[in-house]
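Shown next, in structure tokens, is the structure this report addresses.
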Amino acid sequence: MLKLPRSEEAGTRTKLYVFSELPFLSAESSTIQIDKEFLRITTKPLLSTFFAELDQYAPRLMEIFLSKGGTPGKKIRGLMLAISKHDNIHTRRACILKSLCIYLNEDYEKLLKEYLDTDSEAKSCMEQTVMGVYVIQKEGAEPEDDPEDIGVLIEGVEALTDLGNIAQACALLFGLIYCLNLSYPPELKCTFEVFQKILLNLDGQKLSSKAQFLKNKLMG
């Protein structure tokens, strides 16, 4: 299911539109349609490119992240414990994406909103989210259990629901932002810059100092 609220907010990269008014989002299979529209705009398939580059860089990214010192390094090492307990592709990708935020001095909880299905405040919190990915876990579930739901939030609306995994949701959130020409959330601008300019190699010639530093380490 795919929905998007109308926003009256104006600006070069901030105006949202009703999804039903956008031809590339009117089809039943919204994930495929977003991928197709992204391909039309960039000549690159969104999901396959995002996953392939993330997986290719994964070993080196883990080395870089685990070498981080101080409080950020402790947080990253805590996150990476999930891989040693449940090492599968979805866990690995999710840990790397969370660690990326921390490495860039951004808060991954601004990107990923995780709730229990019994959380009475989850709905109101989701309604206050401008842009992000939500993950709903069943209370009492084991860490290796699949979430009840994963989706994308835009202006408090569940724009995409029933997605397969966190990495897919992050890629689709980026794809929507890019296709709709929206601004990146200020508190996650470096994370989305890495998605765009390093993982997807779009306009990658000019990087912020943080993104350039990470790229140099990846290529070193």
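Numbering (this note's numbering), first residue to last: -19 to 200. Cβ coordinates follow ideal geometry from the N, Cα and C atoms, glycine included.
Run through the segment 119 to 176 for me and flag every whole alpha helix (DSSP H) of 4 or more residues, listed as ranges in chain order. Listed in chain order, the alpha helix (DSSP H) runs fully inside the segment 119 to 176 are 146 to 159, 169 to 174, counting runs of at least 4 residues.
Applying the 10 Å Cβ sphere with the 16-neighbour rule, what's the burial state of Ile14? Ile14 should be labelled buried.
May I ask you to verify whether the segment 156 to 166 touches the segment 42 to 53, counting CB pairs closer than 8 Å and requiring at least 3? Verdict: no, contact absent.
Once DSSP output is grouped into helix, strand and coil, what is the label at Glu94? In the structure shown, Glu94 sits in a strand (DSSP, three-state: E or B).
Pick out whichever of Thr141, Lys48, Thr22, Leu180 has its Cα sitting closest to the Cα of Val113. Cα-wise, what sits closest to Val113 is Thr141.
Hey, Lys177 and Gly184: beta-carbon distance below 7 Å or not? A contact, by the Cβ cut-off of 7 Å.
Quick check: Lys89 and Leu179, are their CB atoms within less than 7 Å of each other? It should be noted that the sequence gives Glu, not Lys, for residue 89. No, Cβ-Cβ distance for Glu89 and Leu179 is not below 7 Å.
Taking just the CA atoms, how far does Leu152 sit from Thr11? Cα to Cα, the separation comes out at about 7 Å.
In the DSSP assignment, what residue or residues form a beta bridge with Val115? Paired residues: Glu94, Ile130.
Could you check the C-alpha separation between Val(-2) and Glu86 for me, to the nearest Å? Summary for Val(-2): the model assigns pLDDT 42, below 50, so the residue's position carries little reliability, and this model does not support an answer.
Can you tell me the Cα-Cα spacing of Leu168 and Glu101, whole angstroms? Distance between the alpha carbons of Leu168 and Glu101 is about 24 Å.
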